[in-house]
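Engineer:
Protein chains: 2
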Amino acid sequence: MPRAATTSDAFNAIAEPQRRAILTLLKARERPVGYLASELGITQPGTSKHLRVLRDVGLVRVRQVGQRRLYGLEAQGLQPIHEWVGGFEQFWNESFDRLNEYVKELQREEQSDGGDG
Amino acid sequence: MPRAATTSDAFNAIAEPQRRAILTLLKARERPVGYLASELGITQPGTSKHLRVLRDVGLVRVRQVGQRRLYGLEAQGLQPIHEWVGGFEQFWNESFDRLNEYVKELQREEQSDGGDG
DNA sequence: GAAGTATATTCCCATATGGGAATACGTCAA
DNA sequence: TTGACGTATTCCCATATGGGAATATACTTC
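Line by line, the protein sequences give chains Y and E. Going letter by letter, the first sequence gives residues 1 to 117 in the working numbering. Going letter by letter, the second sequence gives residues 118 to 234 in the working numbering.
Structure, rendered in structure tokens:
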């Protein structure tokens, strides 16, 4: 089985650096494909393909303006990621109760282990 | 060019659901491979492979205890993700100044566009 | 309709993948 | 050492990938 499709969810979609760069660029405002392509330094078709993925997972929206297509941020799809990752915040912020217990438990096990080598 | 390696960074590593499940399981405490495998409902080698990826990107650590290897969370690697995604929070939280300006700008462009069809 | 601009899709390819199966490695017990 | 257990690695494979090149589609102006 290969890796899950990039379009299977936002986690997979934002794993690609260029797609993250696109989202960052869209923070300022809507942008046409050509602008994004030149900013990223990749081809127009390449940019369109990345935008296609972001669209499939609902991280951007498009609207037609004349002969251009303006892509805009649809950030709601990032919220689940933020929440999932946020669930680990307590573990990278030290000085937290559960972390203390955790460490104590480790030390207990280490004792029944031996010590230095 | 294929997709970037799953071991290239935390973004790629956590794109895989089973690996996220592993990290979630490790919140409670360190666990041996066998436990994780049975919880995930996948094989031991499969579990080891996922753990290898997580280890390569620094999201878990191992320590040998007897003949078992206890894997534990190393959540610091998730912090950059949290920060990157957090940079979009203002865009999924409506009622924000910049978002208001954004919308106004859109409406201006829409006017010079025409109207309904 | 024809020409021009902006974007999307298709075709091609080397490569990494996740799972299964088989096997190697490391530790413990006797 | 032998046997048993827990874990890691290797081999195999169908599949999705991101980029490049070529082409199709859409909109605008003439």
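Just so you know, even glycine gets a beta-carbon here, dropped at the ideal spot from N, CA and C. Here the structure is a predicted model, which means the values were calculated and not measured.
Is it true that the segment 4-24 of chain Y meets the segment 126-138 of chain E, where meeting means three or more beta-carbon pairs spaced less than 8 Å apart?
Structural biologist: yes
Engineer: On the three-pair Cβ rule with 8 Å, is the segment 167-185 of chain E touching the segment 37-52 of chain Y?
Structural biologist: no
Engineer: Can you list the residues of chain Y that E/H167 reaches, using a CB-CB cut of under 9 Å?
Structural biologist: Per Cβ cutoff of 9 Å: no residues; E/H167 is ~12 Å from chain Y at best.
Engineer: To the nearest angstrom, report how far apart E/R169 and E/T124 are at their CA atoms.
Structural biologist: Cα to Cα, E/R169 sits roughly 9 Å from E/T124.
Engineer: Would you identify the three-state DSSP class for Y/R52, choosing helix, strand or coil?
Structural biologist: helix
Engineer: Among E/A121, E/P119 and E/E133, whose alpha-carbon lies nearest the alpha-carbon of Y/A4?
Structural biologist: E/E133
Engineer: Which same chain residues end up closer than 7 Å to Y/G72 when comparing Cβ atoms and leaving out the 5 residues on each side of it in sequence?
Structural biologist: Only residues of its own chain outside the window of five on either side were considered, and among them L26, E30, V60 and R61 have a CB closer than 7 Å to the CB of Y/G72, listed in chain order.
Engineer: Strictly under 8 Å for the Cβ-Cβ distance: is E/A122 near chain Y by that measure?
Structural biologist: Output row for E/A122: interface = no.
Engineer: Candidates Y/F91, Y/Q44 and Y/L78: which alpha carbon is nearest E/V202's?
Structural biologist: Y/L78
Engineer: Between Y/R61 and chain E, is the shortest Cβ-Cβ distance under 8 Å, so that the two count as touching?
Structural biologist: no
Engineer: One question on the structure: do Y/W92 and E/A192 come within less than 8 Å of each other, judged by their Cβ atoms?
Structural biologist: yes
Engineer: Over the uninterrupted beta strand (DSSP E) stretch that includes Y/R68, give me the two end residues.
Structural biologist: R68 to L73
Engineer: Y/R20 lies in the alpha helix (DSSP H); which residues open and close that run?
Structural biologist: P17 to A28
Engineer: Beta carbon of E/E200, beta carbon of Y/H82: below 8 Å?
Structural biologist: no
Engineer: Going by DSSP, which residues form a beta bridge with E/Q181?
Structural biologist: E/R186
Engineer: To the nearest angstrom, how far is the alpha carbon of Y/L70 from that of E/P197?
Structural biologist: 29 Å
Engineer: For Y/P80, does the three-state DSSP call read helix, strand or coil?
Structural biologist: helix
Engineer: Can you tell me whether DSSP reads Y/P148 as helix, strand or coil?
Structural biologist: The requested residue 148 of chain Y does not occur in the structure, where chain Y is confined to residues 1 to 117.
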